[in-house]
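A.B. asks: Protein chains in written order, with this note's numbering: chain A, -15 to 182; chain B, -15 to 182. Beta carbons: idealized from backbone N, C-alpha and C, even for Gly.
2 protein chains.
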Amino acid sequence: MAGKRRAEMMQETREKLIGAARKAFAEKGYAGASMDDLTAAVGLTRGALYHNFGDKRGLLAAVVNTIDGEMAECARRAALKAADPWEGLLAEGVAYIEMALDPEVQRIVLLDGPAVLGDPSQWPSQNACLAFTIEAVEGLIADGVMKPVDAEAAARLLNGAALNAALWIAASEAPEAVLAKAVEAFRCLAAGFLARPR
Amino acid sequence: MAGKRRAEMMQETREKLIGAARKAFAEKGYAGASMDDLTAAVGLTRGALYHNFGDKRGLLAAVVNTIDGEMAECARRAALKAADPWEGLLAEGVAYIEMALDPEVQRIVLLDGPAVLGDPSQWPSQNACLAFTIEAVEGLIADGVMKPVDAEAAARLLNGAALNAALWIAASEAPEAVLAKAVEAFRCLAAGFLARPR
DNA sequence: TCCTTTTACATACGTAGCGTATGCATATTG
DNA sequence: CAATATGCATACGCTACGTATGTAAAAGGA
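Shown next, in the form of structure tokens:
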């Protein structure tokens, strides 16, 4: 298939670089990942990198964007499977906790991402996860299920709690046991937003 | 005052380096801070640095340790001023949110710290803030004020929520307004842990 | 008091890795 | 079929980390 168009070729190299970066950043961390090694792993050089992404940060941003999208998709699926909207919100939080157990997510999105790119809410991806959570919260407030607090504030606190729990679990020696405790506490905590206790 | 003992001198250079590092890390970020510049700013060279702290990470760890201690002290004071233990826990969370508005705390402890040193709970300082919160939670559970959830899980979720709120506030354009929203939502959320609604 | 040893820090060096400037080959345009 | 633009490689300089080595002063012993 030598008959590929120029744009297709470029798209392909971008994907190759993002894939390699995902691995390298996850394994070595952002600072520890060498651009020379990373590009060579897919048969390219740093030339391709700087042409396509500007600099090292640009590549990280692209990787974060990709993973963030996958996470939002995963959270959405978890929420849709739930019995009602409130359970959906909880399922979303739990899904978030579970996703954050993935070393790739942890290292790239939760640790290096914020440190290198700044606050997640300022990312171009606008943190798809958060956006989805805000939507859910707004619906629940409108339906009177949740107390009328600021939707963004509620979403951020919930996501923040889940995120921190995930870091804790991942660093612990008995992830499964800790996960159970964290999920229980999370459900309990979230209930504080309920207009009427269940 | 040339009559200083050796140990005192060393303690002094350690403090000078930590002070300079605090400034440099806060202003330029961990990766962007040059050890040459940083040490020269207090009339030393990298020799002193590597002798006292091993490497760049070691210096960051020392700085984080210092700030973490100050934060715990601040949280403790806030909690003691409250009317009762439950309000104390809330005050602690709010204090945590407010402290995280300090750019120095944000950049060093919340962003670069976890990225470079790993999960905060594994730090030698053992995250003084968290330890104090856990203590408070255990007391509240014993007194039947809070539901009998896992104390560490509850403390981590609360701190996580507060931390994330702080990052949000700091990045926002109207910190004061956002702070109010966040604090309200935080109080509401925390109420989920109450055995009996108030 | 004088000699020895340790220690706290400075100086010098090697090296990795980022960003940029330049070159080249292929694809697109007229 | 020329002319231009583009995607990527090659080459270079510079910054900054970590280490190896040097040195002067303090601590300790006789």
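#1: Would you say GLY(-13)(A) reaches chain B, if we count a Cβ-Cβ gap shorter than 9 Å as a contact?
#2: Would a check of beta-carbon distances place LEU142(B) closer than 9 Å to chain A?
#3: Determine the contact status of GLY144(A) and ALA154(B), defining contact as a CB-CB distance below 9 Å.
#4: Would you check if the region 157 to 172 of chain A and the region 109 to 116 of chain A touch, i.e. whether three or more CB-CB distances between them fall below 8 Å?
#5: Report the three-state DSSP secondary structure of LEU178(B) (helix, strand or coil).
#6: Starting from ALA45(A) and walking both ways along the alpha helix (DSSP H), at which residues does that stretch end?
#7: Expressed to the nearest angstrom, what Euclidean distance is found between the alpha-carbon atoms of GLY(-13)(A) and PRO87(A)?
#8: Going along the chain, which residues of its own chain have a beta-carbon closer than 8 Å to the beta-carbon of ALA59(A), five neighbours each way excluded?
#9: Can you confirm whether the region 15 to 30 of chain B touches the region 54 to 73 of chain B when touching is taken to mean that 3 or more C-beta pairs between the two stretches lie within less than 8 Å?
#10: If the criterion is Cβ atoms closer than 9 Å, does the pair ALA99(B) and PRO98(A) meet it?
#11: Taking Cβ-Cβ distances below 7 Å as the criterion, which residues of the region 57 to 85 of chain B are in contact with chain A?
#12: With H, G and I counted as helix, E and B as strand and the rest as coil, what does DSSP make of GLY(-13)(A)?
#13: Comparing C-alpha positions only, which one of PHE37(A), GLY72(A), LEU94(A) sits nearest to ASP184(A)?
#14: Taking CB distances under 9 Å as the criterion, tell me whether CYS113(B) reaches chain A.
#15: With C-beta atoms as the reference, is LYS131(A) less than 9 Å away from ALA179(A)?
#16: Given this structure, state the Cα-to-Cα distance separating TYR34(B) from VAL47(B), to the nearest angstrom.
#17: Give a single yes or no on whether ASN111(B) has its beta carbon closer than 8 Å to a heavy atom of the ligand MG.
#18: At which residues does the alpha helix (DSSP H) containing TRP152(A) begin and terminate?
#19: Listed from N- to C-terminal order along the chain, which residues in the region 89 to 118 of chain B have their beta-carbon within a distance smaller than 7 Å of any beta-carbon of chain A?
#20: What residues in the region 164 to 175 of chain A bring their beta carbon closer than 8 Å to a beta carbon of chain B?
#21: Would you mind reading off the limits of the alpha helix (DSSP H) that contains ARG30(A)?
#22: Assuming contact is defined by CB atoms lying nearer than 9 Å, are ASN148(B) and ARG140(A) in contact in what I supplied?
#23: Where does GLU(-4)(A) land, buried or exposed, given buried means 16+ other C-beta within 10 angstroms?
#24: Only counting runs of 4 or more residues, tell me where the alpha helix (DSSP H) segments fall wholly within the region 2 to 29 of chain A, in order along the chain.
#25: On the premise that LEU142(A) lies in contact with PRO69(A), defined as a C-beta separation below 8 Å, what is that separation, rounded to the nearest angstrom?
#26: For the region 76 to 118 of chain A, list the alpha helix (DSSP H) runs that are entirely contained and at least 4 residues long, ordered along the chain.
#27: So is PRO104(A) buried or exposed if we call it buried at 16+ other beta carbons inside 10 Å?
#28: Taking just the CA atoms, how far does GLY42(A) sit from ASN184(A)?
#29: Indicate whether at least one CB of chain B lies closer than 9 Å to the CB of LEU178(A).
#30: Taking CB distances under 9 Å as the criterion, tell me whether LEU43(B) reaches chain A.
#31: Mapping DSSP to helix, strand and coil, what is LEU73(A)?
#32: What whole-angstrom Cβ distance do ALA8(B) and LEU22(B) have, given they're in contact under 8 Å?
#33: Applying a beta-carbon distance threshold of less than 7 Å, which residues of chain B neighbour ALA24(A)?
#34: Looking at C-alpha atoms only, which residue of GLN106(A), VAL121(A), GLU122(A) is the closest neighbour of LEU151(B)?
#35: Would you tell me roughly how many angstroms separate the C-alpha atoms of MET37(A) and GLU54(A), rounded to the nearest one?
C.D. replies: Taking the definition as stated:
#1: In the first sequence, residue -13(A) corresponds to position 3, counting from 1. Caution is warranted here: a pLDDT of 45 is assigned to GLY(-13)(A), below 50, making its placement in the model unreliable, and the coordinate value is therefore given only provisionally. It does not: the Cβ of GLY(-13)(A) has no partner Cβ on chain B nearer than 9 Å.
#2: Along the second sequence, read from residue 1 onward, the residue named residue 142(B) stands at position 158. It does; some Cβ of chain A falls within 9 Å.
#3: Position 160 of the first sequence, counted from the first residue, corresponds to residue 144(A). Position 170 of the second sequence, counted from the first residue, corresponds to residue 154(B). No; because the gap between Cβ atoms is not below 9 Å, this pair is not in contact.
#4: no
#5: Within the second sequence, numbered from 1, the residue matching residue 178(B) stands at position 194. Residue state, collapsed to three classes: strand.
#6: Working through the first sequence from its first residue, we reach residue 45(A) at position 61. Taken as a continuous stretch (DSSP letters only), the alpha helix (DSSP H) holding ALA45(A) covers 40 to 65.
#7: What you label residue -13(A) is simply residue 3 of the first sequence in a count that begins at 1. What you label residue 87(A) is simply residue 103 of the first sequence in a count that begins at 1. Its pLDDT being 45, under 50, GLY(-13)(A) is placed unreliably by the model, and the measurement read from it follows with that caveat. In a straight line, the C-alpha of GLY(-13)(A) is about 39 Å away from that of PRO87(A).
#8: Looking up residue 59(A) in the first sequence gives position 75. Same-chain partners within the cutoff: GLU76, ALA79, TYR80, MET83, CYS113, PHE116, THR117.
#9: no
#10: Here residue 99(B) refers to the residue found at position 115 when the second sequence is read from its first residue. Here residue 98(A) refers to the residue found at position 114 when the first sequence is read from its first residue. It is a contact, given that the beta carbons lie within the stated cut-off.
#11: none
#12: On the first sequence, residue -13(A) is found 3 positions in, with the first residue counted as 1. Since pLDDT at GLY(-13)(A) reaches only 45, below the 50 mark, its modelled position is unreliable, and the value read off the structure follows with that caveat. If DSSP states are grouped into helix, strand and coil, GLY(-13)(A) belongs with coil.
#13: In the structure as shown, chain A begins at -15 and stops at 182. Residue 184(A) is therefore absent and cannot be evaluated.
#14: For the purposes of this step, residue 113(B) is taken as residue 129 along the second sequence, with counting starting at 1. No - not a single Cβ of chain A is within 9 Å of the one on CYS113(B).
#15: The residue labelled residue 131(A) in the question sits at position 147 within the first sequence. The residue labelled residue 179(A) in the question sits at position 195 within the first sequence. Against a cut-off of 9 Å, the Cβ pair of ALA179(A) and LYS131(A) comes out as a contact.
#16: Taking the first residue of the second sequence as 1, we reach residue 34(B) at position 50. Taking the first residue of the second sequence as 1, we reach residue 47(B) at position 63. When rounded, the distance between both Cα atoms is 15 Å.
#17: In terms of ligand content, the structure shown is empty, and the ligand MG therefore cannot be addressed.
#18: Numbered from its first residue, the first sequence carries residue 152(A) at position 168. Where TRP152(A) is concerned, the enclosing alpha helix (DSSP H) stretches over 135 to 155.
#19: LEU95, ASP96, PRO98, ALA99, ASP103, SER105, GLN106
#20: LYS165, ALA166, GLU168, ALA169, PHE170, CYS172, LEU173, ALA174, ALA175
#21: For the purposes of this step, residue 30(A) is taken as the residue at position 46 of the first sequence. It spans 30 to 37 - the alpha helix (DSSP H) in which ARG30(A) sits, taken as one unbroken run.
#22: Counting from one through the second sequence, the residue named residue 148(B) turns up at place 164. Counting from one through the first sequence, the residue named residue 140(A) turns up at place 156. Taking 9 Å as the Cβ cut-off, ASN148(B) and ARG140(A) qualify as a contacting pair.
#23: Residue mapping note: residue -4(A) aligns to position 12 of the first sequence, counting from 1. Counting Cβ neighbours within 10 Å, GLU(-4)(A) comes out exposed, since fewer than 16 surround it.
#24: 19 to 24
#25: Here residue 69(A) refers to the residue found at position 85 when the first sequence is read from its first residue. Here residue 142(A) refers to the residue found at position 158 when the first sequence is read from its first residue. Actually they are not in contact, since the Cβ atoms of PRO69(A) and LEU142(A) sit about 14 Å apart, beyond 8 Å.
#26: 97 to 101
#27: Along the first sequence, read from residue 1 onward, the residue named residue 104(A) stands at position 120. Result: buried.
#28: No answer is possible for residue 184(A): the residues shown for chain A start at -15 and end at 182.
#29: Position 194 of the first sequence holds residue 178(A). Yes, contact with chain B.
#30: As a first step, residue 43(B) is located in the second sequence; it is residue number 59 there, counting from the start. No, no contact with chain A.
#31: Here residue 73(A) refers to the residue found at position 89 of the first sequence. In this structure, LEU73(A) counts as helix in the three-state DSSP scheme.
#32: The count along the second sequence starts at 1 and reaches residue 8(B) at position 24. The count along the second sequence starts at 1 and reaches residue 22(B) at position 38. Contact flag correct, Cβ pair sits at about 5 Å.
#33: The count along the first sequence starts at 1 and reaches residue 24(A) at position 40. In chain order: nothing, as chain B lies at least about 23 Å away.
#34: Numbered from its first residue, the second sequence carries residue 151(B) at position 167. Among GLN106(A), VAL121(A), GLU122(A), the Cα nearest to that of LEU151(B) belongs to GLN106(A).
#35: For the purposes of this step, residue 37(A) is identified with residue 53 of the first sequence, where counting begins at 1. For the purposes of this step, residue 54(A) is identified with residue 70 of the first sequence, where counting begins at 1. The question names Met, but residue 37(A) is Phe in the sequence shown. So the alpha carbons of these two residues sit roughly 21 Å apart.
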